[in-house]
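Reading through the structure tokens given below for one structure.
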Amino acid sequence: MVVHEFTRRGLFGMDKPQRQGVALIPDPASDPARQENHNIDYSFVEEVIQDGRKETLPAVDEDFPEAVRKLVEEEESKRFYVFPPFGNQRELPNEVRESLKGEFRGADLSTIATLSVLKSLGKEDKAAFTLPSLFFSSQQAGRYRKQSLEVAHPELIIRPPDSPFVDSIVQVQTIIYSGSSSVETPITRFFSIPEVDEVTAEEAIDDFEQLLRQGGGETTHGFVHRNQLNPSETWTYESLNPELKREIEEVEKLGEIKPLEELFELKIGRPPTNYVGSEEEVELDSEAVSETQDGVPVIEGRDVRADGSLSHDDTRRQVRRSKVEKSGLLKLQDGDICIRRVSGSKTGVVAGEVEQHMTPLVSSHNVVVLRPKAGTTQEDRKVVLQYLRSKTAARYLRAKELGAGHIRLTVGRLRELPVPLADEDLREALGSLLEAADLFDTWKEEALDAAQSLFDHPTAEDGKMHVLTTGRRSRQRQHAAERQDDLSYRIQTQFPHPVAYRWRTVAAAKPDLEGYLHVLECAEVLTCYLALVALTMAQDAGKEIGYLEEMGRRVADGRGTNLGDWIAILREVRDSKSFRKLPDDTPFYEVMHFVPTGRGADEALSSLKNRRDKQAHGKGPRGDSVRPAFEDAKDSLLVLLDAAEFLSEYPLRYVDRTQADTIQDCLTYWYRDIMGDHPLVPVEEDTTAPKTLEAGSLYLVDRSGSLHLLRPLLDRRRCPVCGTWSTFYLDSYVEDGDACLLKSMEHSHTTQDEEIYEAFQQIGLLPNKT
3 MVVHEFTRRG LFGMDKPQRQ GVALIPDPAS DPARQENHNI DYSFVEEVIQ DGRKETLPAV
63 DEDFPEAVRK LVEEEESKRF YVFPPFGNQR ELPNEVRESL KGEFRGADLS TIATLSVLKS
123 LGKEDKAAFT LPSLFFSSQQ AGRYRKQSLE VAHPELIIRP PDSPFVDSIV QVQTIIYSGS
183 SSVETPITRF FSIPEVDEVT AEEAIDDFEQ LLRQGGGETT HGFVHRNQLN PSETWTYESL
243 NPELKREIEE VEKLGEIKPL EELFELKIGR PPTNYVGSEE EVELDSEAVS ETQDGVPVIE
303 GRDVRADGSL SHDDTRRQVR RSKVEKSGLL KLQDGDICIR RVSGSKTGVV AGEVEQHMTP
363 LVSSHNVVVL RPKAGTTQED RKVVLQYLRS KTAARYLRAK ELGAGHIRLT VGRLRELPVP
423 LADEDLREAL GSLLEAADLF DTWKEEALDA AQSLFDHPTA EDGKMHVLTT GRRSRQRQHA
483 AERQDDLSYR IQTQFPHPVA YRWRTVAAAK PDLEGYLHVL ECAEVLTCYL ALVALTMAQD
543 AGKEIGYLEE MGRRVADGRG TNLGDWIAIL REVRDSKSFR KLPDDTPFYE VMHFVPTGRG
603 ADEALSSLKN RRDKQAHGKG PRGDSVRPAF EDAKDSLLVL LDAAEFLSEY PLRYVDRTQA
663 DTIQDCLTYW YRDIMGDHPL VPVEEDTTAP KTLEAGSLYL VDRSGSLHLL RPLLDRRRCP
723 VCGTWSTFYL DSYVEDGDAC LLKSMEHSHT TQDEEIYEAF QQIGLLPNKT
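Here the sequence shown is numbered in the working numbering, starting from 3 and rising by one per residue.
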């Protein structure tokens, strides 16, 4: 897709564009190296100005800046397209370099030409420049971006999909300035020209023209930046795209965001030969190392592997141990994070962590080393390491650069990288994952050692017995691990008992009508349990659920609670703005996202609700339709259970008894975690800070270990019908006996309680008695 079409429309406007502009191109004779290196044919400028004319920029000599300014000032045209020379001052004669030192020290020729043109523009003038990408992205060019803002305003920046010039490797962007720097409401539009195979040319141009009409917001391929551009920041489509900001905002939900430099010291090593003697004196080849054992491995970029490991025992270079201290090399420490300074377009940021057993090591110049500062915890270090390896971090860092998609890290860029400090829940979860990975590695090593030691025993029989014995444990671990991939097994062993028990009846059921009813009953118990978790979350957060008032009146009138009530509660906490404002560390907050609108779990819940209603009205499946109805309903139930697996992380805990210790200022309590499908679970003991815990009551344990009272929403008692310990919830109100009718989640047996009404009334589940 031709970039020049977009440049013309941006420069001259969309409605009957004036094309009486002037194109300013370099004098090839004054920059022969550029023609040779970049192979640019300047005929393309005619596509931009069409009815205008081309002028040659003055020769690059001592008077170049002034000659450019004079050329522009003498032009009658109000529109300029400038393609400046791309050379640098090193290619110029000494006397020319000396003349440019003051105002343009360090600037390349394209920057000198750009600033010279901008200083000569009138208030009604506009000029488009096709410039090397470094003008927009490099930190060194920040001072010149600042100078451009002092005399003009950048209206539009266009990013081509690749180099727009045949046989040229130079990466460019086009920027359009208006001549007035004092703009009441400064906005800059950014547009990324799509690849040819993404959209048609007409679609791309329509999107571009839509962007030009907008005063804010986004289009498919562009956006409006509604603030003055910051010259110290990168002026690129990627770095200022609102999508990147949204990604960082998502990261902020994990915890506090800080610049990387607040958590780590950033260091870069140096080649050993920069410090001491010759390469032969300082470095050793692999044979010398094997003979002397005197080498300290040098970690280079290639030694930081894409999988996050460090190739510390197979480095290309080693340094004599006696030379390390004298040479001033950067010695690596346990906990240092090593990052490749250059990463590929597909790998993202490549980072690995130094462990104690790897040392001594030294770092080379092509590795950035992050050394944790005092106060940076091990958990913080782990979170940052995982974030550095993420796609989000790679996109952020890549957005600060332009080129072929590679990430070229500088200490300056890394210092300002926003990184998350995860909250306690996420730290624990991440720590558990890493501990599990370490444990799996240990088990793997045990299995491999056993297999390799078959012939290392005194007798063949001893070796065989060792392999069989060790293999038995490995096979047991394998079998247990494979079962963990089975959702049904996880439900039966790790879900709260009422749900796990109900699922066991489904898993063991035949595909008949009784089995079908088991599916519907399990779905109702699961949904009820989730709704009661949502009520517990709401109480702890001080939030009201509006549906409870209507539900309470109906229950008080003698009508029972039903699946529709529990669904209504779940959808209210999902949709309510009040609940959406709760922070992510709110206990049990996952229940708010359990049934996302229009997603699988929500559709499965609606399907099961519809089946339950039909069954209640005598319209359920009969005859040959029962088996497929059972299978379909069971599949929907599994979708629902899969979405509710977060329940396995919140133990349902029954407190048997408590004992306060005033002297030790603590409370010891004995409890049972009512998890899994078996009703008999062992008694365990724990100690906590002094608090009120009710013996004989159920609690929900959050990730921090805090206990949340479930009474009266759930109550554990012996069932008067079957005599087993069961979990009861409010089913209805019996006016004749002035009692609440409680229903068992496990067996649907009921019992009346004349004393619990007031407790339900206090939590808003029943109205005041009249």
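Cβ atoms here follow ideal geometry from the backbone N, Cα and C, with glycine treated the same way.
Practice item. Quick one: give me the first and last residue of the alpha helix (DSSP H) that Trp2 is part of. Key: Past the edges of the chain, shown from 3 to 772, lies residue 2, and the structure says nothing about it.
Exercise for review: Can you give me the start and stop residues for the alpha helix (DSSP H) that Gln494 sits inside?
Suggested key: Residue 494 sits at position 492 when you count from the first residue of the sequence shown. Segment Leu489 to Gln496, the alpha helix (DSSP H) holding Gln494.
**Study point:** Cβ shell of Val370 (< 7 Å), same chain only, five flanking positions each side left out
**Key:** Taking the first residue of the sequence shown as 1, we reach residue 370 at position 368. Cβ neighbours of Val370 beyond the five flanking positions: Leu268, Ile270, Ile341, Arg343, Leu411, Val413 and Leu416.
Check your understanding: Which class does Gly297 belong to by DSSP, given the choice of helix, strand or coil?
Key -> Within the sequence shown, numbered from 1, the residue matching residue 297 stands at position 295. Correct three-state label for Gly297: strand.
Check your understanding: Can you give the beta carbon distance from Val364 to Val300, rounded, assuming they're within the 8 Å contact cut?
Key -> One-based indexing of the sequence shown puts residue 364 at position 362. One-based indexing of the sequence shown puts residue 300 at position 298. Rounded, the Cβ-Cβ distance is 5 Å, consistent with contact.
Check your understanding: Can you tell me whether Gln661 is buried or exposed, with buried defined as 16 or more other CB within 10 angstroms of its CB?
Key -> For the purposes of this step, residue 661 is taken as residue 659 along the sequence shown, with counting starting at 1. Counting Cβ neighbours within 10 Å, Gln661 comes out exposed, since fewer than 16 surround it.
Exercise for review: Flag this pair as yes or no: are the beta carbons of Thr507 and His499 separated by less than 7 Å?
Suggested key: Taking the sequence shown and counting its residues from 1, one reaches residue 507 at position 505. Taking the sequence shown and counting its residues from 1, one reaches residue 499 at position 497. At least 7 Å separates the beta-carbon of Thr507 from that of His499.
Point to revise | Glu355 - DSSP class collapsed to helix/strand/coil | key: As a position in the sequence shown, residue 355 is number 353, starting the count at 1. The answer is strand: DSSP assigns Glu355 an E or B state.
**Study point:** His227 (DSSP reduced to helix, strand or coil)
**Key:** Sequence index remark: in the sequence shown, residue 227 carries index 225 (1-based). For His227, the three-state secondary structure derived from DSSP is strand.
Exercise for review: Could you tell me whether the segment 484 to 498 touches the segment 511 to 519, where touching means 3 or more Cβ pairs closer than 8 Å?
Suggested key: The segment 484 to 498, when compared against the segment 511 to 519, does not touch it at the 8 Å Cβ threshold.
Practice item. Provide the residue span of the beta strand (DSSP E) that contains Ala376, from first to last. Key: For this step, residue 376 is matched to residue 374 along the sequence shown. Element bounds for Ala376: n/a, residue is neither H nor E.
Review point. Under the three-state reduction of DSSP, which class applies to Leu13: helix, strand or coil?
Key: The residue labelled residue 13 in the question sits at position 11 within the sequence shown. Note: Leu13 maps to helix in three-state DSSP.
Review point. Is there contact between the segment 239 to 253 and the segment 45 to 61, where contact requires at least three CB pairs shorter than 8 Å?
Key: They do not touch, by the three-pair rule.
Exercise for review: Identify every residue that forms a DSSP beta bridge with Cys742.
Suggested key: For this step, residue 742 is matched to residue 740 along the sequence shown. Looking at the DSSP assignment, Cys742 forms a beta bridge with Tyr735 and Asp755.
**Study point:** Check whether Ile493 and Leu643 have beta carbons under 7 Å apart
**Key:** Counting from one through the sequence shown, the residue named residue 493 turns up at place 491. Counting from one through the sequence shown, the residue named residue 643 turns up at place 641. In this structure, Leu643 lies closer than 7 Å to Ile493 by Cβ.
Review point. Which first and last residues belong to the beta strand (DSSP E) in which Phe82 is found?
Key: Residue numbering aside, residue 82 sits at position 80 when the sequence shown is read from its first letter. It spans Arg81 to Val84 - the beta strand (DSSP E) in which Phe82 sits, taken as one unbroken run.
Review point. Would you say Thr132 and Val174 are within 7 Å of each other, going by their C-beta atoms?
Key: Here residue 132 corresponds to residue number 130 of the sequence shown, with the count starting at 1. Here residue 174 corresponds to residue number 172 of the sequence shown, with the count starting at 1. Taking 7 Å as the Cβ cut-off, Thr132 and Val174 qualify as a contacting pair.
Point to revise | Selection from Trp237, Tyr735, Ile207 and Ile758 that minimises the alpha carbon distance to Ala558 | key: Taking the first residue of the sequence shown as 1, we reach residue 558 at position 556. Out of Trp237, Tyr735, Ile207 and Ile758, the CA that lies nearest to the CA of Ala558 is found in Tyr735.
Point to revise | CB of Pro714 within 7 Å of CB of Ile676, strictly | key: Residue 714 sits at position 712 when you count from the first residue of the sequence shown. Residue 676 sits at position 674 when you count from the first residue of the sequence shown. The Cβ-Cβ distance between Pro714 and Ile676 does not fall below 7 Å.
Practice item. Would you list the one or two residues that DSSP bridges to Phe730? Key: Reading the sequence shown from its first residue, position 728 is the one you call residue 730. In the DSSP assignment, Phe730 is bridged to Asp717 and Ser746.
Check your understanding: Is there contact here, the segment 78 to 92 with the segment 111 to 125, by at least three beta-carbon pairs under 8 Å?
Key -> Of all C-beta pairs linking the segment 78 to 92 to the segment 111 to 125, three or more are shorter than 8 Å, placing the two stretches in contact.
**Study point:** Own chain residues within Cβ distance below 8 Å of Glu651, not counting five before or after
**Key:** Taking the first residue of the sequence shown as 1, we reach residue 651 at position 649. Apart from sequence neighbours up to five positions away, the residues of its chain that approach Glu651 with a beta-carbon distance below 8 Å are Arg705, ordered along the chain.
Review point. What separation, rounded to the nearest whole angstrom, lies between the Cα atoms of Asn770 and Leu550?
Key: By 1-based counting over the sequence shown, the position of residue 770 is 768. By 1-based counting over the sequence shown, the position of residue 550 is 548. Note on geometry: alpha-carbon atoms of Asn770 and Leu550 lie some 13 Å from one another.
Check your understanding: Are the beta-carbon atoms of Glu777 and Tyr673 separated by less than 7 Å?
Key -> With the chain covering 3 to 772 only, the question about residue 777 has no answer from this structure.
Exercise for review: Drop a sphere of 10 angstroms on the beta-carbon of Glu240, count the other beta-carbons inside from all chains shown, and report buried for 16 or more, exposed for fewer.
Suggested key: Start at 1 with the first residue of the sequence shown, and residue 240 comes out as number 238. Flag for Glu240 reads buried.
Exercise for review: Along the alpha helix (DSSP H) that carries Lys103, what are the first and last residues, could you check?
Suggested key: By 1-based counting over the sequence shown, the position of residue 103 is 101. In the DSSP assignment, Lys103 falls within the unbroken alpha helix (DSSP H) covering Asn96 to Phe106.
Check your understanding: What did DSSP end up calling Gln175 once you bin it into helix, strand or coil?
Key -> For the purposes of this step, residue 175 is identified with residue 173 of the sequence shown, where counting begins at 1. Judged by DSSP in its simplified three-state form, Gln175 adopts strand.
Exercise for review: May I ask you to report which of helix, strand or coil DSSP gives Val683?
Suggested key: Residue numbering aside, residue 683 sits at position 681 when the sequence shown is read from its first letter. In the structure shown, the three-state DSSP call for Val683 is coil.
Review point. Out of Arg383, Leu534 and Asp488, which has the shortest C-alpha to C-alpha gap to Asp567?
Key: Numbered from 1 along the sequence shown, position 565 holds the residue referred to as residue 567. Of Arg383, Leu534 and Asp488, the residue nearest in Cα terms is Leu534.
Exercise for review: Can you tell me which of the three DSSP states Tyr652 falls into?
Suggested key: Along the sequence shown, one-based indexing puts residue 652 at 650. Tyr652: coil per DSSP, three-state reduction.
Point to revise | 7 Å Cβ shell around Glu282 - same chain, five flanking residues per side excluded | key: Taking the sequence shown and counting its residues from 1, the one referred to as residue 282 is at position 280. Unreliable placement is indicated for Glu282, whose pLDDT of 43 sits below 50; the coordinate value is still reported in the next sentence. Contacts found: none.
Exercise for review: Name the residue from Leu151, Asp127 and Glu126 whose alpha carbon lies nearest to the alpha carbon of Phe138.
Suggested key: Working through the sequence shown from its first residue, we reach residue 138 at position 136. Measuring C-alpha to C-alpha distances from Phe138 to each of Leu151, Asp127 and Glu126 identifies Leu151 as the nearest.
Exercise for review: Measure the alpha-carbon distance for Ser180 versus Ala154 and round it to whole angstroms.
Suggested key: Here residue 180 refers to the residue found at position 178 of the sequence shown. Here residue 154 refers to the residue found at position 152 of the sequence shown. One C-alpha to the other measures close to 6 Å.
Point to revise | Residue interval of the beta strand (DSSP E) (run including Cys724) | key: As a position in the sequence shown, residue 724 is number 722, starting the count at 1. Neither: Cys724 is in no beta strand (DSSP E) and is coded neither H nor E.
Practice item. Please name the residue, chosen from Leu214, Glu263 and Ile189, that lies closest to Asn229 on a Cα-to-Cα basis. Key: As a first step, residue 229 must be located in the sequence shown, where it is residue number 227. Of Leu214, Glu263 and Ile189, the residue nearest in Cα terms is Ile189.
Practice item. State the DSSP-derived secondary structure class of Ala395, mapped to helix, strand or coil. Key: Along the sequence shown, one-based indexing puts residue 395 at 393. The answer is helix: DSSP assigns Ala395 an H, G or I state.
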